[in-house]
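Structure record follows, encoded as structure tokens.
Here's what the structure looks like:
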């Protein structure tokens, strides 16, 4: 069945509009990278997350945005992506314009054409707040465990102290009795 060009063009425009709306309204950073690792597109959430406008980063390498300690792992994953692999969800720390690190969870996938990488699509979620809450919960759990250990130690000391007092009283009574 043959599709009329006008109808095909209209469907293409509708599809493009749907995807544009999806990307514009997403709460995560959506980006594309060239095979050289340079940003070719970023949605507006990038600015909300990092403080930089997308225009400031289009044409710049993604590696410059990464925390130096995360760069080796990210580059290893990058090489795997360029070989057509889709890595599992992973976390990195990103720079922000204000200087505070951003914990980000990334999902990336190669975009292939005729079996060759032509770009990389990605979604980055800012998980800084979630990580902060997890750290607070971890610290609260550690503090609770320490409190329980301390309570046990105090109870043990009181028990031992009571036993020592009892023993001292017995020894005093025995000493008194032996003098009689």
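In our numbering, the protein residues as written are 3 to 182.
C-beta atoms are modelled at their ideal positions from N, C-alpha and C, and glycine is treated no differently.
Starting from residue i, follow the beta strand (DSSP E) in both directions and report where the run begins and ends.
i	result
residue 95	92-96
residue 18	Note, residue 18: premise wrong, no beta strand (DSSP E); alpha helix (DSSP H) at 7-27.
Distance, Cα to Cα, residue i vs residue j?
i	j	result
residue 17	residue 10	10 Å
residue 116	residue 87	15 Å
residue 211	residue 91	There is simply no residue 211 to check, as the chain begins at 3 and stops at 182 in what is shown.
residue 141	residue 23	41 Å
residue 25	residue 76	24 Å
residue 171	residue 158	20 Å
Between residue i and residue j, which are expected to be in contact by the criterion C-beta below 8 Å, what is the C-beta distance as a whole number of angstroms?
i	j	result
residue 122	residue 83	6 Å
residue 124	residue 67	Contact doesn't hold; Cβ gap of about 12 Å is too wide.
residue 63	residue 101	So it is not a contact: roughly 20 Å between Cβ atoms.
Which same chain residues, not among the five before or five after residue i, have their C-beta less than 6 Å away from its C-beta?
i	result
residue 48	31 and 56
residue 113	120, 121 and 123
residue 133	105
With DSSP as the reference, label residue i as helix, strand or coil.
i	result
residue 61	coil
residue 43	strand
residue 125	strand
residue 182	coil
Skipping 5 residues on each side, what residues in its chain have a beta carbon closer than 8 Å to that of residue i?
i	result
residue 95	68, 69, 71, 72, 103, 104, 105 and 106
Ends of the alpha helix (DSSP H) at residue i?
i	result
residue 74	73-84
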